[in-house]
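A.B. asks: Numbering (full-length UniProt numbering), first residue to last: 1 to 142.
First the structure, then my questions, so here it is.
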């Protein structure tokens, strides 16, 4: 039985660099943008493109509205893209969620270049979900 052949990320980038369905070009902007769901920054660069990297990591908003959803690629299932993605819901408070993401990257020997990008994105998502306190105007008594 013949197993699928995996190609290098550099070769994948050279093949899909100019003709990817995730590529977005804008007039008057020097950077190219990406709509790849596994791209945590949204910038079209080979190190951020999760579809061509063997190990990718991103954070999305939880569909239930509370917490974040960490999506990462498993190392073993390169030839089965549907099985390669693993999703973990993190509903605890912000500090514990950020600590869990940091520990995951460090303990699993994951890509260190994605750690800060993912932590910033998770922090922004958690901050957006937080209820804003309404400041009541104190009425001055004359």
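Beta carbons are placed, not taken as given, at the ideal position from N, Cα and C, and that holds for glycine.
Let me know if residue 53 comes out buried or exposed under the rule of 16 or more other beta-carbons within 10 Å of its beta-carbon.
C.D. replies: buried
A.B. asks: Give the DSSP bridge partners of residue 68, in chain order.
C.D. replies: 61, 90
A.B. asks: When DSSP labels each residue in this structure, what does residue 104 get in the three-state scheme?
C.D. replies: helix
A.B. asks: If we count the other Cβ atoms within 10 Å of its Cβ and call it buried at 16 or more, is residue 101 buried or exposed?
C.D. replies: buried
A.B. asks: According to DSSP, is residue 128 helix, strand or coil?
C.D. replies: helix
A.B. asks: If residue 117 and residue 90 are in contact, beta carbons under 8 Å, what's the gap, nearest whole angstrom?
C.D. replies: Between residue 90 and residue 117 the Cβ distance is about 17 Å, and since that is not below 8 Å, they are no contact.
A.B. asks: My guess is that residue 72 and residue 48 are in contact by the Cβ rule of under 8 Å, so how many angstroms apart are they, rounded?
C.D. replies: Beta-carbon to beta-carbon, residue 72 and residue 48 are separated by about 14 Å, too far to satisfy the 8 Å threshold.
A.B. asks: Taking all protein chains shown into account, decide if residue 38 is buried (16 or more other Cβ within 10 angstroms of its Cβ) or exposed.
C.D. replies: buried
A.B. asks: Within the continuous alpha helix (DSSP H) that includes residue 83, where are the two ends?
C.D. replies: From DSSP, the alpha helix (DSSP H) with residue 83 extends over 81 to 84.
A.B. asks: Leaving aside the five residues before and after residue 113 along the sequence, list all residues of the same chain whose C-beta is less than 7 Å from its C-beta, in chain order.
C.D. replies: 47
A.B. asks: Which residue from 106, 81, 127, 45 puts its Cα closest to that of residue 198?
C.D. replies: Past the edges of the chain, shown from 1 to 142, lies residue 198, and the structure says nothing about it.
A.B. asks: Pull up the distance between the alpha-carbon of residue 122 and that of residue 60, whole angstroms please.
C.D. replies: Going by the C-alpha atoms only, they are around 8 Å apart.
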